[in-house]
Each structure stands twice: as C-alpha cells, then as structure tokens.
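Report on one structure; see the data block that follows.
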Amino acid sequence: MRCSTCHHTLWNQPAPTDGSPRVCSECGTPYAVADFAFRRGKVAFSCPHCAQVYFGTSPTGHLEPATFACASCGGAVTMEQCVLRPVGVQSDTEAMLFKPLPWLESGGLFARWRGTLKFGISEGADVPMALAGREPMGAAIGFLAMQGWVSGLIPLFVGLLAVFGPSIMSGIVGFGGGNAVAMGMLTWQVASYIALPLWICASVSVAAFGTSLLGASLGLGFRRAFVIIAFASGGLIFALIPFCGGLVGIIVWAVQASRAIAAALPPGRRVGPVFLALLGGFVAFLTVNVTWFVARIFLIM
Ligand SMILES: [Zn+2]
Ligand SMILES: [Zn+2]
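As structure tokens, then:
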C-alpha cells in the first residue's frame, strides 16, 4: 500500500479525526483505503478508537459491512478510519491483491497482447489497480506500437487497394518509373502505416498532458496518465472492421480511458481531469487527421 505520487508507505497511518480525506504523510496526496485491494487475512484493520483488530472478508480484502459498531469499545468503525498494517507476510507487497495486467506478465507476445486487449475493451476501470503504482512507460509504448501496427492493417490494405485497384483493373501495374503517382501513393501508404505508433503515442501524450494539468495534484501525473490511457486502448482493434471500425475503436478507447482515469482519482475530483483527457485526445485526433489529409493532398498534387 503505497502513495501513488511518491511511493511512500501508507501503512500505520491514522486517518484524520475530522472526517477529511486521508493524505500521504510524506507528500500530501489524498487517497482512500478503498482504492487498494488486499489479500484476505493479510491486512489488519485497527479500530480508530481502541485498536481492536479486524480483517477484511470481501474479494478485495475490504471490511464488510462498510460501517459497524466495534465489538470491543462499541464505537462506530468505517474502513476509511482504520489504521492498516500487513500481517503474516515477508514483504508488504505480498499483502496486496494485484489484478495482473497481461502485457506486464510473462508469456508469449500474442497472449499478453490479447489479454491486455480485453482489459482495454471492457475493464478500463481496473487498469489503475492492475498497474498498482507502476508506471512502465517503455512497456506502454511497446503495447501502443503493437496496437497501431495491428489495427492499421486493414486501413493499409484498403489504402493499397485504392492505389493499385484501378491500375490492376486496367491491366497497367506501375511499379517502375512510369507510374509516379502510384509510386508516391504507395510510399505514402507504407510510410504512414509504419509511423502509426508515433502518431498514437503523440496523441496519448497530449491526452496525458491534459489529464496531468488537473490530475498531477491528485496523484495522476503525466507518466501515470500516459500508461493508464495506453493500456486502456484495447478498443483500437475495432479499426480492423473496414470503414466505420476506426471511429468505433476511438470511441471505445475514449470511454474506457475515461473510466480508467476516473478510477485513478479520488471520488468527487474526477470530472476535470477526465474532461481534459478527452479534450486533449480529441484535439490530437483532429490534428493528426488534418495533417494526414493535407499531406496527402500535397503528395497527389
Ligand atoms: Zn506521497
Ligand atoms: Zn474499538
């Protein structure tokens, strides 16, 4: 159980008695006990009044019910007021329940990619918990590159068909110097396909930057936002459906990334960063598409 900003330990920290949110004692980032998932029986919750110990019984190791009268002192106990400490484990990370993010686990490339797709399509809200304070930028960029190159296959194929379709039909296949326009278009199609991950990473950077404007003070800085948005990108795969698939993919990604960003923020402080992420993503999407369109016109002329 670590602070998402400075990784300071959050064990053995008493909750404020005036009902204000818990904050990291080192850097002041707010957090809630409910943001963390624990292995059952490995975390002791102490009554804030008398230190009587309780153990969580929910699948995420949380106290059930949420509010109850202490069996020892009779005082009202809520999980958010308890002092927590790991018990019976060698290292405190063993007390945590991490939902594994397949891309960061061992195994074959295809299996890890497919498993991470599932997260991005239906379980966006679980991405922050799966990351558990980790911010693996390199792995996130690797995943985005694979996403770009796979989801770009059908658009590439359609693009190539547009270039060569007419030539093939009229019996003139111009690979030589004779068909400069077709050669130019071919180069353009292939180059923009190879560069897809670059554009996707740039768009994610803009969205992450937008998120961090309001999110940084809430523990969601640029790196964490980038990684979260990247691993919520499973929906991009819908671009493999010809014609409308690309748009569907972007919408699924926007929805799941919003859920993921929201899940990484304290309740009540989620709207601003999510809005800026979507705005950043939209501006980046528009910029990339306009640039692509203009460059294409210049290439043909
Ligand atoms: Zn901290
Ligand atoms: Zn008590």
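Residue 46 in my numbering sits at position 27 of the sequence shown, with consecutive numbering throughout. Beta carbons are placed, not taken as given, at the ideal position from N, Cα and C, and that holds for glycine. All figures in this text were calculated on a predicted structure; none of them were measured in a lab.
Could you tell me the boundaries of the beta strand (DSSP E) in which phenylalanine 135 lies? Here residue 135 refers to the residue found at position 116 of the sequence shown. One detail in the question is off: residue 135 reads as threonine in this sequence, not phenylalanine. That residue, threonine 135, is in no beta strand (DSSP E); its alpha helix (DSSP H) goes 128 to 141.
For the segment 159 to 173 against the segment 212 to 220, do three or more pairs of beta-carbon atoms, one drawn from each stretch, fall closer than 8 Å, so that the two count as touching? Cβ pair count under 8 Å is three or more, so yes.
Using only Cβ atoms and a threshold of 6 Å, which residues come within that distance of a heavy atom of ligand 1? Order them by chain position. Cys22, Thr24, Cys25, His27, Cys43, Glu45, Cys46, Thr48
For ligand 2, is there a heavy atom less than 8 Å away from the beta-carbon of histidine 68? For the purposes of this step, residue 68 is taken as residue 49 along the sequence shown, with counting starting at 1. Yes; taking the cut-off as 8 Å, the Cβ of histidine 68 has a heavy atom of ligand 2 nearer than that.
Thinking C-alpha only, which one of Ala303, Leu298, Ile280, Leu128 is nearest glycine 143? Working through the sequence shown from its first residue, we reach residue 143 at position 124. Comparing Cα-Cα distances from glycine 143 to each of Ala303, Leu298, Ile280, Leu128, the minimum goes to Ile280.
Can you give the beta carbon distance from arginine 59 to glycine 80, rounded, assuming they're within the 8 Å contact cut? By 1-based counting over the sequence shown, the position of residue 59 is 40. By 1-based counting over the sequence shown, the position of residue 80 is 61. Their Cβ separation, rounded to whole angstroms, is 5 Å, which keeps arginine 59 and glycine 80 in contact under 8 Å.
Put glutamine 100 into one of helix, strand or coil per three-state DSSP. As a first step, residue 100 must be located in the sequence shown, where it is residue number 81. Correct three-state label for glutamine 100: helix.
Three-pair Cβ contact test at 8 Å for the segment 132 to 139 versus the segment 244 to 262: yes
Tell me the rounded alpha-carbon separation between alanine 151 and valine 271. In the sequence shown, counting from the first residue as 1, residue 151 sits at position 132. In the sequence shown, counting from the first residue as 1, residue 271 sits at position 252. Rounded to whole angstroms, the gap between the alpha carbons of alanine 151 and valine 271 is 23 Å.
Contact set for leucine 179: own chain, Cβ-Cβ below 8 Å, skip 5 residues either direction: Numbered from 1 along the sequence shown, position 160 holds the residue referred to as residue 179. Around leucine 179: Leu205, Gln208.
Would you say the beta carbon of valine 102 is closer than 8 Å to some non-hydrogen atom of ligand 2? By 1-based counting over the sequence shown, the position of residue 102 is 83. Result no, Cβ not under 8 Å from ligand 2.
Taking the C-alpha atoms as reference points, what is the distance between tryptophan 122 and alanine 88? Along the sequence shown, read from residue 1 onward, the residue named residue 122 stands at position 103. Along the sequence shown, read from residue 1 onward, the residue named residue 88 stands at position 69. Distance between the alpha carbons of tryptophan 122 and alanine 88: 43 Å.
Just to confirm the assignment, what range does the beta strand (DSSP E) spanning threonine 230 have? Taking the sequence shown and counting its residues from 1, the one referred to as residue 230 is at position 211. Unbroken run through threonine 230 is the alpha helix (DSSP H), 215 to 234; no beta strand (DSSP E).
Heavy atom of ligand 2 within 8 Å of serine 236 beta-carbon: Stepping through the sequence shown from its first residue, residue 236 is reached at position 217. Every heavy atom of ligand 2 is 8 Å or more from the Cβ of serine 236, so no.
Could you check if cysteine 263 belongs to the surroundings of ligand 2, using beta carbon to heavy atom distance under 8 Å? Taking the first residue of the sequence shown as position 1, residue 263 is located at position 244. Not so, every heavy atom of ligand 2 lies at least 8 Å from the Cβ.
Bridge partner(s) assigned by DSSP for valine 309: Within the sequence shown, the letter at position 290 stands for residue 309. Answer is none; valine 309 lacks a bridge partner.
Does the beta-carbon distance from alanine 159 to alanine 249 come in below 9 Å? The count along the sequence shown starts at 1 and reaches residue 159 at position 140. The count along the sequence shown starts at 1 and reaches residue 249 at position 230. Yes, the Cβ-Cβ distance between alanine 159 and alanine 249 is below 9 Å.
I'd like to know whether the C-beta atoms of valine 42 and methionine 98 end up nearer to each other than 9 Å. Numbered from 1 along the sequence shown, position 23 holds the residue referred to as residue 42. Numbered from 1 along the sequence shown, position 79 holds the residue referred to as residue 98. No, these two residues do not count as a Cβ contact at 9 Å.
Three-state secondary structure (DSSP) of serine 65: Taking the first residue of the sequence shown as 1, we reach residue 65 at position 46. Looking at serine 65 - three-state DSSP - the assignment turns out to be strand.
For glycine 287, the nearest candidate out of Tyr50, Gln32, Cys46, Glu45 (CA to CA): Within the sequence shown, residue 287 is the residue found at index 268, counting from 1. Out of Tyr50, Gln32, Cys46, Glu45, Tyr50 has the C-alpha closest to the C-alpha of glycine 287.
Could you tell me the alpha carbon to alpha carbon distance between threonine 112 and valine 62, rounded to whole angstroms? For the purposes of this step, residue 112 is identified with residue 93 of the sequence shown, where counting begins at 1. For the purposes of this step, residue 62 is identified with residue 43 of the sequence shown, where counting begins at 1. Using only the alpha carbons, I get a separation of about 11 Å.
Assuming the contact rule is C-beta atoms closer than 8 Å, glutamine 32 and serine 23 should be a hit. Round their C-beta distance to whole Å, please. Indexing the sequence shown from 1 puts residue 32 at position 13. Indexing the sequence shown from 1 puts residue 23 at position 4. Not confirmed; about 14 Å, so no contact.
Is DSSP giving threonine 79 helix, strand or coil here? Residue 79 sits at position 60 when you count from the first residue of the sequence shown. Coil, per DSSP.
By a C-beta neighbour count over all protein chains shown, 10 Å radius and 16 as the cutoff for buried, is glycine 196 buried or exposed? One-based indexing of the sequence shown puts residue 196 at position 177. The pLDDT assigned to glycine 196 is 48, lower than 50, so where the model puts this residue is not dependable; a value taken from the coordinates is nonetheless given after this. Residue environment: glycine 196 is assigned as exposed (fewer than 16 neighbouring CB atoms within 10 Å of its CB, all protein chains considered).
Residue from Thr48, Phe55, Arg21, Pro67 with nearest C-alpha to threonine 36: Here residue 36 refers to the residue found at position 17 of the sequence shown. When only C-alpha atoms are compared, the closest one is Pro67.
Cβ contact check for the segment 291 to 309 and the segment 256 to 265: 3 or more pairs under 8 Å: no
Nearest by alpha-carbon distance to methionine 156: which of Phe183, Val225, Phe241, Val274 is it? Residue 156 sits at position 137 when you count from the first residue of the sequence shown. Closest option to methionine 156, Cα to Cα, is Phe241.
Collapsed DSSP secondary structure at methionine 20 in the structure displayed: Walking along the sequence shown from the start, residue 20 turns up at place 1. Coil at methionine 20, not helix or strand.
CA-CA distance, phenylalanine 183 and leucine 266? Against the sequence shown, residue 183 aligns to sequence position 164. Against the sequence shown, residue 266 aligns to sequence position 247. Between phenylalanine 183 and leucine 266, the C-alpha separation is close to 25 Å.
Shorter than 8 Å, the distance from the beta carbon of glycine 93 to the closest heavy atom of ligand 2, or not? Start at 1 with the first residue of the sequence shown, and residue 93 comes out as number 74. Yes, ligand 2 has a heavy atom inside 8 Å of this Cβ.
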